[in-house]
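> Below is one structure. I have some questions about it.
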Ligand SMILES: Nc1ccn([C@@H]2O[C@H](COP(=O)(O)OP(=O)(O)OP(=O)(O)O)[C@@H](O)[C@H]2O)c(=O)n1
Ligand SMILES: C[C@](O)(CO)[C@H](O)COP(=O)(O)O
């Protein structure tokens, strides 16, 4: 079956607060978004298609970067929506293939490993929804109106992307309307009654969200295991 990979790059990056959306910031000489797309191009070898979701105001910026870096891959480009949910929905609406696997990945997670990419697209053959996750490292407390309470971190997992679904599952799940507790695609699928299979993610697969994450990303760039990123 064919694999689709939706790369979500229509956010504004408000929490990082840079002059341009964070997916276009440089990392080892080229935009973060290109590193992320290249992870899939270099690690999925047949029968896949990348769908790139961009903010309508960023399309020209992306075209300019492609020209600057002679980046001549062609993708289906979809215009993003107000929330991440709407961006995913817009991309799903363009997939007509009734039986395929659909991976959804944040553009700002350029350090996803080859092992995780292969694992999610292998495991989906046996499940409705497959999501990478890593252990919760910090010590956590739950707060409420009465005070706070220590929690057992072993009962929690930190969720990553790519999140991969059977097409019937994710298309059906996204027929619902947006709700603020839809934190990711797994919560949307779960809301429709589907069970989520967790697999081990890779620790470096951080989401670049805050300025400190960008600093971490610049440090991590030399440690990506699969290949040396060309300058
Ligand atoms: N309407 C949106 C919002 C987010 N995203 C994408 O979803 C991923 C994860 O979202 P997040 O880190 O929250 O990105 P931003 O929305 O850009 O960040 P912020 O919330 O700080 O503005 C990012 O790759 C982002 O580009 C998207 O495609 N469409
Ligand atoms: C989908 C996600 O990356 C899973 O970790 C995350 O939930 C999306 O980003 P946000 O920071 O919650 O907006």
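Residue numbers (our numbering): 135 to 365.
Every residue gets a Cβ at the ideal spot worked out from N, C-alpha and C, and that includes glycine.
1) Does ligand 2 have even one heavy atom less than 6 Å from the beta-carbon of residue 317?
2) Bridge partners for residue 334 per DSSP, in chain order?
3) Can you give me the start and stop residues for the alpha helix (DSSP H) that residue 138 sits inside?
4) Provide the residue span of the alpha helix (DSSP H) that contains residue 198, from first to last.
5) For the beta strand (DSSP E) holding residue 354, just list the boundary residues, first then last.
6) Go to residue 255, then tell me how far its alpha helix (DSSP H) extends in each direction, as first and last residue.
7) Put residue 359 into one of helix, strand or coil per three-state DSSP.
8) In the structure shown, what three-state DSSP assignment does residue 182 receive?
9) Comparing C-alpha positions only, which one of 178, 304, 153 and 314 sits nearest to residue 224?
10) For residue 119 and residue 273, I'd like the C-alpha separation in whole angstroms.
11) Return yes when the C-beta of residue 341 is under 6 Å from any heavy atom of ligand 2, and no when it is not.
12) Is residue 195 near ligand 2, going by C-beta to nearest heavy atom under 6 Å?
13) Inspect the beta-carbon positions of residue 143 and residue 178 and report whether they are closer than 7 Å.
14) For a test of the three-state rule: what should DSSP assign to residue 205, helix, strand or coil?
15) For residue 221 versus residue 187, is the C-beta distance shorter than 7 Å?
16) Residue 290: which of 302, 282, 276 and 280 sits nearest, CA to CA?
17) Count the C-beta pairs between the stretch 143-163 and the stretch 256-275 that are closer than 8 Å, then say yes if the count reaches three, no if not.
18) Which residue wins for smallest C-alpha separation from residue 215, given the options 312, 333, 352 and 325?
19) Compute the distance between the beta-carbons of residue 339 and residue 210, then report whether it is under 7 Å.
A quick look at the data gives this:
1) In this structure, ligand 2 has a non-hydrogen atom nearer than 6 Å to the beta-carbon of residue 317.
2) In DSSP, residue 334 forms a bridge with 267.
3) Per DSSP, residue 138 belongs to no alpha helix (DSSP H); it is in the beta strand (DSSP E), 137-143.
4) Run containing residue 198: 193-202, per the alpha helix (DSSP H) assignment.
5) Segment 345-354 is the alpha helix (DSSP H) holding residue 354; no beta strand (DSSP E) there.
6) Residue 255 -> alpha helix (DSSP H) spans 248-257.
7) Residue confidence is low: residue 359 scores 49 on pLDDT, short of 50, so the model does not pin down where it sits. No coordinate-derived value is stated.
8) Strand at residue 182.
9) Just measuring C-alpha positions, the residue of 178, 304, 153 and 314 sitting nearest residue 224 is 304.
10) The chain is shown only over 135 to 365; residue 119 falls outside these bounds and no answer can be derived.
11) Checking every heavy atom of ligand 2 against the Cβ of residue 341, one is found closer than 6 Å.
12) No.
13) In this structure, residue 178 does not lie closer than 7 Å to residue 143 by Cβ.
14) Assignment of residue 205 by DSSP, reduced to helix, strand and coil, places it in the coil class.
15) Yes, the pair counts as a contact, with Cβ atoms nearer than the cut-off.
16) It is 276.
17) No: fewer than three Cβ pairs fall under 8 Å.
18) Measuring from the Cα of residue 215, the nearest candidate turns out to be 312.
19) No Cβ-Cβ contact shorter than 7 Å links residue 339 with residue 210.
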